[in-house]
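Undergrad: Just passing along the structure, written as structure tokens.
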Amino acid sequence: MASKKTPARQAQAGATLSEYAGVRYLHLGTEWVQGAMRVRKPQHIELEYVQRMMAWMLWRPTAELTQGQAVQLGLGAGAITRFSHQVLKMRTTAVELNATVIDACKLWFHLPDDDARLTVLHADAARWVADPAHLGTVQVLNVDLYDHEAAAPVLDDEAFYACCRGVLADGGLMTVNLFGRDASFERSAARIAAAFGLDQVWHLAPTKEGNTIVVAARGVVVPDRDTLIARAEYIRERFGLPAPKWLRLVRPLRLPA
-15 MASKKTPARQ AQAGATLSEY AGVRYLHLGT EWVQGAMRVR KPQHIELEYV
35 QRMMAWMLWR PTAELTQGQA VQLGLGAGAI TRFSHQVLKM RTTAVELNAT
85 VIDACKLWFH LPDDDARLTV LHADAARWVA DPAHLGTVQV LNVDLYDHEA
135 AAPVLDDEAF YACCRGVLAD GGLMTVNLFG RDASFERSAA RIAAAFGLDQ
185 VWHLAPTKEG NTIVVAARGV VVPDRDTLIA RAEYIRERFG LPAPKWLRLV
235 RPLRLPA
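Each residue of the sequence shown is one higher than the one before, counting from -15 in our numbering.
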């Protein structure tokens, strides 16, 4: 997670944790939850909105679900990174500005050490996606960047989303968590659509907590309904994720006239 101010200039809040009913929660100096892990099931994705950030799987052929590179911008409690690395077995990169979050994930949230398929970077997400070395190298990009008070997305302009599209390979997919007391879904979604094209952007209905997940693609052809239903069932059976529910909740993005 990061801050609403320029990342390089901002003092980072220290990571802390709480635990209740077998679930460990990550905080950044406030009561706002920045991530969670069920202690006895560390590879399970605990929070519903984080599960929905895996909805990119519906747009990807089942034979390709475990192929390529997955990148997470904003480590949180490491749920997506652990799932991509340990369950999907993808080449996985996480980019996190706050060093205490990385330390907390290693100490408390079962984040493994870097290996041939895992790289955790203490770095600025905006700079990472703007680096020409990363153009066209990513199949899956998960964006969950919030300040310690969860007020609004940290990086939320058209230039940032254009860079996100740039790092995606053809057929690549991005999911973004849009949530925040000061955030505007319509404003953020319009910026994503400007970068990706309106016909390449979808969203899920909000969770009860108010998180709305947007899916944006680079050159994806949407399959027919029967194919999507079959994919959703495969994801549920193979990976234990509630993909059939996602399919009922997803809609093409429509912007106000």
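C-beta: ideal position from N, C-alpha, C; glycine also. Treat the numbers as computed from the prediction; the structure is a model and nothing was measured.
Evaluate the contact criterion for the segment 106 to 113 versus the segment 141 to 156: three or more CB pairs, one atom per stretch, below 8 Å.
TA: yes
Undergrad: Looking at the structure shown, is Pro236 part of a helix, part of a strand, or coil, going by DSSP?
TA: Sequence index remark: in the sequence shown, residue 236 carries index 252 (1-based). Strand, per DSSP.
Undergrad: Taking the CB atoms as reference points, tell me whether Asp99 and Val34 lie closer together than 9 Å.
TA: Translated into the one-based positions of the sequence shown, residue 99 becomes position 115. Translated into the one-based positions of the sequence shown, residue 34 becomes position 50. Cβ atoms of Asp99 and Val34: not closer than 9 Å.
Undergrad: Going by the beta-carbon positions, is the gap between Phe93 and Met37 smaller than 9 Å?
TA: Here residue 93 is taken as the residue at index 109 of the sequence shown, counted from 1. Here residue 37 is taken as the residue at index 53 of the sequence shown, counted from 1. No, Cβ-Cβ distance for Phe93 and Met37 is not below 9 Å.
Undergrad: If you drop the 5 nearest sequence neighbours on each side, which residues of the same chain put their C-beta closer than 6 Å to that of His132?
TA: What you label residue 132 is simply residue 148 of the sequence shown in a count that begins at 1. Any reading at His132 is ruled out, since the residue's pLDDT is 48, under 50, leaving its predicted position unreliable.
Undergrad: Can you tell me whether Trp186 is helix, strand or coil according to DSSP?
TA: The count along the sequence shown starts at 1 and reaches residue 186 at position 202. In the structure shown, Trp186 sits in a strand (DSSP, three-state: E or B).
Undergrad: Answer with buried or exposed for Val198, where buried requires no fewer than 16 other C-beta atoms within 10 angstroms of its C-beta.
TA: By one-based count along the sequence shown, residue 198 stands at place 214. Counting the other CB atoms within 10 Å of its CB gives Val198 a total of 16 or more, which places it among the buried residues.
Undergrad: I want to see whether chain D comes within less than 9 Å of Leu31, judged by CB atoms only; does it?
TA: Absence of chain D from the displayed structure is noted, only one protein chain being present.
Undergrad: Over what stretch of residues does the alpha helix (DSSP H) that includes Ala54 continue unbroken?
TA: Counted from its first residue, the sequence shown places residue 54 at position 70. Unbroken run through Ala54 is the beta strand (DSSP E), 53 to 57; no alpha helix (DSSP H).
Undergrad: Restricting to Cα atoms, I'd like to know which of Val7, Trp186, Arg171, Ala39 is closest to Arg220.
TA: Sequence index remark: in the sequence shown, residue 220 carries index 236 (1-based). That would be Ala39, whose Cα lies nearest to the Cα of Arg220.
Undergrad: State buried or exposed for Leu237, treating a residue as buried only when at least 16 other CB atoms are found within 10 Å of its CB.
TA: Residue 237 sits at position 253 when you count from the first residue of the sequence shown. It counts as buried.
Undergrad: If we count the other Cβ atoms within 10 Å of its Cβ and call it buried at 16 or more, is Glu193 buried or exposed?
TA: Along the sequence shown, one-based indexing puts residue 193 at 209. Counting Cβ neighbours within 10 Å, Glu193 comes out exposed, since fewer than 16 surround it.
Undergrad: Once the 5 residues before and after Gly120 are set aside, which same chain residues still bring their CB inside 6 Å of it?
TA: Within the sequence shown, the letter at position 136 stands for residue 120. So the qualifying residues of the chain are Ala153.
Undergrad: Quick check: Arg44 and Leu157, are their CB atoms within less than 9 Å of each other?
TA: One-based indexing of the sequence shown puts residue 44 at position 60. One-based indexing of the sequence shown puts residue 157 at position 173. Result yes, Cβ atoms of Arg44 and Leu157 sit closer than 9 Å.
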